[in-house]
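Numbering that gives the first Met the number 0 puts the last residue of the sequence shown at 192; the count rises by one with no breaks.
C-beta: ideal position from N, C-alpha, C; glycine also.
Small disclaimer: the values here were computed from a predicted structure and weren't measured.
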Amino acid sequence: MITRNEKPASKTRDRIVDASLRLFVSQGIAGTTTRDIAKEAEIAEGTIYRHFESKEALAAEIFRETFMPLSKALVLLEGAEGPVLERIGKTVEHFYRLFDEDPTRWVYVMTYQTGRQSKLPPGTATPFTLMLKMLKEGTASGELRDLDADLHTQVVLGMITQPAMGIVYDELDGPLAPRAAEVMQAIRKVLAP
């Protein structure tokens, strides 16, 4: 029987994850202790270890839980039928919808995309690998102008992610999804012949 003070395990895990996200984004992973997480989640510190092996394992799990669904969606978008620019546009729309739904989670991923917590299974599709593939395909087919695909992959990814960072730093008002078409218009100017 669950009393008023007891929470089901999944709700406790969610509270740990939510508290950790807020703290990791505001204080950094290294600057956050399990005691901080427990206090923020309103649980005993030992409860964290019933759900996660360590703070580092928690950080890695949050990264994977957020990144892997994006990776799977990007693979579907990249492999879809249609012009490359149209698929890039759908990628922008998808990322902006995800960002708008949970900005804190995406700030975490964008901030900690390098390091131990961001280790992904071998062969995992990343925004870089998929964008590079699409740009090479578009260049080869003539849909895109002749360009340095490695460089332009970085440029395009910056054009997509920088507005999200603008929201994070209060330099731009959200949400992002309504602005996807405008960002895509700028991307077209960079890539189209």
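Could you tell me whether the Cβ atoms of residue i and residue j are closer together than 7 Å?
| i | j | result |
| --- | --- | --- |
| LEU20 | TYR95 | no |
| GLU77 | LEU150 | no |
| VAL91 | ILE159 | yes |
| ILE47 | THR31 | no |
| ALA40 | ALA56 | no |
| HIS93 | ALA72 | yes |
| LEU156 | PRO162 | no |
| ARG144 | PRO192 | yes |
By how many angstroms is the C-alpha of residue j removed from the C-alpha of residue i?
| i | j | result |
| --- | --- | --- |
| GLU5 | GLU136 | Note that GLU5 scores a pLDDT of 48, beneath 50, so its modelled location is shaky; the value from the coordinates is reported in the next line. Cα to Cα, the separation comes out at about 54 Å. |
| THR152 | PRO177 | 23 Å |
| VAL24 | THR103 | 7 Å |
| VAL182 | SER9 | 38 Å |
| GLN116 | ALA180 | 33 Å |
Comparing alpha-carbon positions, which option in the options lies nearest residue i?
| i | options | result |
| --- | --- | --- |
| PHE66 | ALA163, GLY157, ASP145, TRP105 | TRP105 |
| ARG187 | GLY173, PRO174, TYR168, GLU142 | GLU142 |
| PHE98 | GLY157, ALA37, PRO121, PRO174 | PRO174 |
| GLY45 | GLY165, ALA191, LEU22, ARG12 | ARG12 |
| ASP101 | VAL16, MET183, LEU190, ALA139 | VAL16 |
| LEU22 | ARG14, ILE36, SER9 | ILE36 |
| message | Could you check whether the segment 58-73 touches the segment 94-114, counting it as contact only if at least three pairs of C-beta atoms, one from each stretch, sit closer than 8 Å? | response | yes
| Can we say the segment 80-99 touches the segment 26-45, given the rule of at least three CB pairs closer than 8 Å? | no
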